[in-house]
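Going down the list, the protein sequences come from chains A and B.
For what it's worth, our numbering labels the leading residue of the first sequence as 1, then goes sequentially.
For what it's worth, our numbering labels the leading residue of the second sequence as 1, then goes sequentially.
First the structure, in the form of C-alpha cells, and then the observations on it.
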Amino acid sequence: MRFTTIDEELTVTKFKKAIEREIEGYFEGMGFNLIEPRIFQKYDEYVNSEHKQDSTKTVKVLSGNSRIFILRPDITINVLAEIFSKWDGEPPLKVYYNSTVYQNRPGGKILENHQMGIEYLGAEIPRGDIEALDMASNIMASIGRPYIIELGSSKYLDSYLDEMKLVGPERAELKDLIAKKNRHGLRSKLRELKIDGSILENILDMQGHMEEVIEMAKKYEMNKDMGLALEKLTKIKDYFVDKEVYENIRLDLSMVPNLDYYDGIVFKGYCLGNSTRILSGGRYDKLTEEFGLKVSAIGFMIDMDQITSIRMGEKSNG
Amino acid sequence: MDRITIAIAKGRLGDEGLSLFNNSDMEIVRDKDSRKLVFSDAGGGTKYIFVKPSDVVTYVEKGVADLGIVGKDIMLEEDKDVYEILDLNYGKCRFAIAGFRNSYNKKKDGVLRIASKYPNYVQSIFENRNQRIEIIKLNGSVELAPLIDLSDVIVDIVETGNTLRDNGLEVLEELDYISARLIANKASYRFKYQIIKKIEKILDVSR
C-alpha cells in the first residue's frame, strides 16, 4: 500500500495491526503457536525442489561470499523444512505464521505480500479437515461481507486420471482445461484421447451445494480412491450441514489447485466485491513425505493486504 | 436478478458476440455509430461495456467486468488468471507462421527474425525449439515486415490467407486454433454462478 500522508499511513497500520492481533488471538485460542519462517532460502535447494514455483519470480540476494539466496516465496514449504528437522511426528502440531512473501513483478518491482495462516500436522483426517475449514469460514465471516468458500478435492480427479493411466503432458493438458472451466476444449481433448462419454465430460457440472454435488458424483462409476474422496467430503458435509456456514460452501469437484502438492481437500475463500481469492488452503500429506516423514497435514493462508483493505472500506462506509 | 457486467471487444468480434444475445432478455438496442461505451439491457440487469480487445481480459481479471467476449489470440498473448468457459464458435481462424517459401528453413543456423503483434505468444511457441529468434513487436500491417526485410517471417492470425497471398507470402506452419471465447472472473463465477450458467446456455449455439 502507498500513502499520501503520514496520518493516513499510521491509521492504516494501526487498523491492520488490530486485525492481526484479532486473528492471532483467534489462532492461539484454537491452540496454535506462532512459528517464524526464515527469510532467506538457499537458491540451489529451491530450484532443485520438486514443488518450486516459477523460479524467475523469486527475489535473489547475493551473500558476502557470492552464494545466491532467495527471499521466501512461499511459507508452507519454508515452515515445513524448519519443523521436520526438529519434530518426529508426535504429538500433533499446530502452528500459525504472520509473515511476508516476496515475488518479482514486471517492471522490476518486488511484491511484498503479507500472509497469515495455519499448518496443522498429524491430526486425524476428517477432524483436521473440519477444524481447518471451520476456522477458515470463521475468518471469512469476520470480514462482514457475503462470502463463499469454494471446496474441492484434488484426490477425486487425480484418482480418475491415475486409473486411466493419463500421465505427462496429456494429464497436464486435461487438468489445465478443467482448471480453466474450458468445456469445449475439454470435450475435444477427450474425443482426441478417445475417452469421451467418461466422467470427465460432466466434471464441470459437478459444482454447487455439497449435498447435491455429492449425490451427482455418486451416480458415476468410480474406483476405490474416488469413493474414498467422496466419503471424506460426505463426512465434512455431515458436520457442516446444520451450521450457518453451510449455505456459504460450494463444492466444486472440477477445482484444480495451482500448487501440485495438494492431495485431498482444497479450498478458497472469496468475498463479494473482491476479484480474487483472499484465503486458500488444502491438504498436503504427500508433501510431508519429501521431508522424510509422511503425516497428515492441512493448512491455509489469508491474504492480509486484501483483508485489511476490505475491512478499511467497510469501516469508512459505515 | 443479480446485476452482471460484460466486457465486449470493440469491433467486429464484439458486435457479433453481442448479436448472440438477440432474442434473449439480455438483448440491447444500440446505434452502431454510437460512441457510448456503456449500455444496459431493457431490464437493467445486464450492463455491457465496450473496450479495446486486448483490454477485455484485464477488465475481467480485475473483476470490473464479470464476463468478457474476446478472441483466443488475446488469451494466448495475455496469460491472465480467468476462466475460459465457452468457445463461441465464430471468428474462427488460426495462428500461423508465415513468410516467403523457404524463408523459415534456411534460417535454422542463424537468428530467425519474427515480426508479430503477439510477442509473448511467439516466445512461448519457440521456447522449446532449437532456434534462436529475435521478436519484432509491431502493432499492425505485420505482413509488410518480410516484404521490406524487417523480418524473415511473421506470426499472425490467418483467416482466409488472402492478405498473405496478395503479398506473395504463404503459411509455413499452422499454430493454435483461434475463435471468440466467453471468459469469466473467478470470484464472479462463484457469486453469480446461476446467471452465468444461464448466459452460457444463451451463447452455447453448438448444442
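Glycine included, C-beta positions come from ideal geometry on N, C-alpha and C.
Residue from A/Lys180, A/Glu289, A/Arg250 whose Cα sits closest to the Cα of serine 137 of chain A: Measuring from the Cα of serine 137 of chain A, the nearest candidate turns out to be A/Arg250.
Segment contact flag, the stretch 83 to 100 of chain A with the stretch 288 to 299 of chain A, C-beta cutoff 8 Å, min 3 pairs: Yes: the two stretches touch, three or more of their Cβ pairs being nearer than 8 Å.
Here's the rule: buried if 16 or more other CB atoms are within 10 angstroms of the residue's CB, otherwise exposed. What is tyrosine 46 of chain A? Flag for tyrosine 46 of chain A reads buried.
Among A/Leu259, A/Tyr246, A/Asn182, A/Arg127, which residue has its Cα nearest to the Cα of serine 280 of chain A? The shortest Cα separation from serine 280 of chain A among A/Leu259, A/Tyr246, A/Asn182, A/Arg127 belongs to A/Leu259.
Judging by CA-CA distance, which residue of A/Pro169, A/Gln115, A/Gly108 is the nearest neighbour of serine 99 of chain A? When each option's Cα is compared against that of serine 99 of chain A, the closest is A/Gln115.
For my contact list, phenylalanine 32 of chain A and isoleucine 118 of chain A are in at a C-beta cut-off of 8 Å; report their separation, rounded to the angstrom. About 6 Å separates the CB atoms of phenylalanine 32 of chain A and isoleucine 118 of chain A; that is less than 8 Å, so the two are in contact.
What's the C-alpha gap between lysine 62 of chain B and alanine 187 of chain B? The C-alpha of lysine 62 of chain B lies about 10 Å from the C-alpha of alanine 187 of chain B.
Applying the 10 Å Cβ sphere with the 16-neighbour rule, what's the burial state of arginine 183 of chain A? By the 10 Å Cβ count, arginine 183 of chain A comes out buried.
Min CB distance serine 275 of chain A to chain B below 8 Å: Under the Cβ criterion of 8 Å, serine 275 of chain A is counted among the residues facing chain B.
Less than 8 Å between CB atoms is the rule here; does glutamate 150 of chain A satisfy it with respect to chain B? Yes, contact with chain B.
So that I know if they touch, is there some Cβ in chain B lying closer than 8 Å to that of histidine 209 of chain A? Not closer than 8 Å to any Cβ of chain B, the Cβ of histidine 209 of chain A fails to qualify, so no.
Measure how close the beta-carbons of glutamine 103 of chain A and arginine 72 of chain A come, nearest whole angstrom, since I'm counting them as under 8 Å. Wrong, their Cβ atoms sit about 10 Å apart, outside the cutoff.
Using only CA atoms, which one of A/Asn48, A/Tyr43, A/Thr56, A/Lys57 lies nearest to isoleucine 319 of chain A? With chain A running from 1 to 318 in the structure shown, residue 319 of chain A is simply not present.
Check whether the Cβ of tyrosine 83 of chain B lies closer than 8 Å to any Cβ atom in chain A. With respect to chain A, the C-beta atom of tyrosine 83 of chain B has a partner C-beta closer than 8 Å.
Run through chain A and tell me which residues come within less than 8 Å of leucine 86 of chain B, C-beta to C-beta. Identification of chain A residues near leucine 86 of chain B by a Cβ-Cβ cut-off of 8 Å yields Arg183, His184, ordered along the chain.
Among B/Asn185, B/Phe95, B/Lys198, whose alpha-carbon lies nearest the alpha-carbon of isoleucine 154 of chain B? Nearest of B/Asn185, B/Phe95, B/Lys198 to isoleucine 154 of chain B, Cα basis: B/Phe95.
Report yes or no: do three or more beta-carbon pairs, one from the stretch 186 to 203 of chain A and one from the stretch 154 to 165 of chain A, lie closer than 8 Å? Contact holds between the stretch 186 to 203 of chain A and the stretch 154 to 165 of chain A, because three or more Cβ pairs, one in each stretch, are under 8 Å apart.
Under the assumption that isoleucine 214 of chain A contacts leucine 233 of chain A (Cβ atoms under 8 Å), give the Cβ distance between them as a whole number of angstroms. Taking a contact as a CB-CB distance under 8 Å, the pair isoleucine 214 of chain A and leucine 233 of chain A counts as one, their CB atoms being some 6 Å apart.
So, using beta-carbon positions, are phenylalanine 208 of chain B and lysine 10 of chain B closer together than 8 Å? Nothing can be reported for residue 208 of chain B, as the shown portion of chain B is limited to 1 through 207.
Pull up the distance between the alpha-carbon of threonine 11 of chain A and that of threonine 308 of chain A, whole angstroms please. In a straight line, the C-alpha of threonine 11 of chain A is about 12 Å away from that of threonine 308 of chain A.
Counting pairs of Cβ atoms below 8 Å between the stretch 77 to 90 of chain B and the stretch 131 to 146 of chain B, do you hit three or more? Counting C-beta pairs closer than 8 Å gives fewer than three between the stretch 77 to 90 of chain B and the stretch 131 to 146 of chain B, which falls short of the contact rule.
Terminal residues of the alpha helix (DSSP H) in which threonine 46 of chain B lies: Annotation: threonine 46 of chain B is outside any alpha helix (DSSP H); the continuous beta strand (DSSP E) that includes it extends over 46 to 51.
Complete beta strand (DSSP E) runs within the stretch 40 to 116 of chain A (minimum length 3 residues, chain order): Counting only unbroken stretches of 3 or more residues, the beta strand (DSSP E) elements lying wholly within the stretch 40 to 116 of chain A are 40 to 42, 60 to 62, 68 to 71, 93 to 105, in sequence order.
Just to confirm, are leucine 166 of chain A and leucine 157 of chain A a CB contact at a threshold of 8 Å? Inclusion of leucine 166 of chain A and leucine 157 of chain A in the CB contact set at 8 Å is not warranted, their separation being larger than that value.
Quick one: what's got a C-beta closer than 6 Å to methionine 1 of chain B's C-beta in the same chain, skipping five residues either side? Residue placement at methionine 1 of chain B is flagged as unreliable, the pLDDT there being 48, under the threshold of 50; a coordinate-derived value is accordingly withheld.
So which residues on chain B does leucine 272 of chain A lean against when the C-beta distance must stay under 9 Å? Contacts between leucine 272 of chain A and chain B, judged by CB atoms closer than 9 Å, involve Ala187, Phe191 in chain order.
Serine 24 of chain B versus aspartate 303 of chain A - alpha carbon distance: Cα-Cα distance, rounded: 40 Å.
Residues in the stretch 51 to 63 of chain B having any Cβ partner in chain A nearer than 8 Å: Within the stretch 51 to 63 of chain B, the qualifying residues are Glu61, Lys62, Gly63.
Should valine 56 of chain B go down as buried or exposed, given a rule of 16 or more other Cβ atoms within 10 Å for buried? Taking a 10 Å sphere around the C-beta of valine 56 of chain B, we find 16 or more other C-beta atoms and assign the residue as buried.
Under the three-state DSSP convention, the category lysine 219 of chain A falls into: Three-state result, lysine 219 of chain A: coil.
Going by DSSP in three states, leucine 161 of chain A sits in which element: helix, strand or coil? DSSP places leucine 161 of chain A in helix when its eight states are reduced to three.
At the level of alpha carbons, what is the spacing between histidine 209 of chain A and leucine 133 of chain A? Approximately 16 Å between the Cα atoms of the pair.
is_contact[lysine 180 of chain A, chain B] using C-beta, thresh 8 Å: Yes, lysine 180 of chain A counts as interfacial toward chain B.
Within 8 Å (strictly less), CB to CB, does methionine 1 of chain B reach chain A? With a pLDDT of only 48 at methionine 1 of chain B, under 50, the local geometry of the prediction cannot be trusted, and no value is derived from it.
How far does the beta strand (DSSP E) with methionine 75 of chain B in it reach, from first residue to last? In the DSSP assignment, methionine 75 of chain B falls outside any beta strand (DSSP E) and lies within the alpha helix (DSSP H) extending over 72 to 78.
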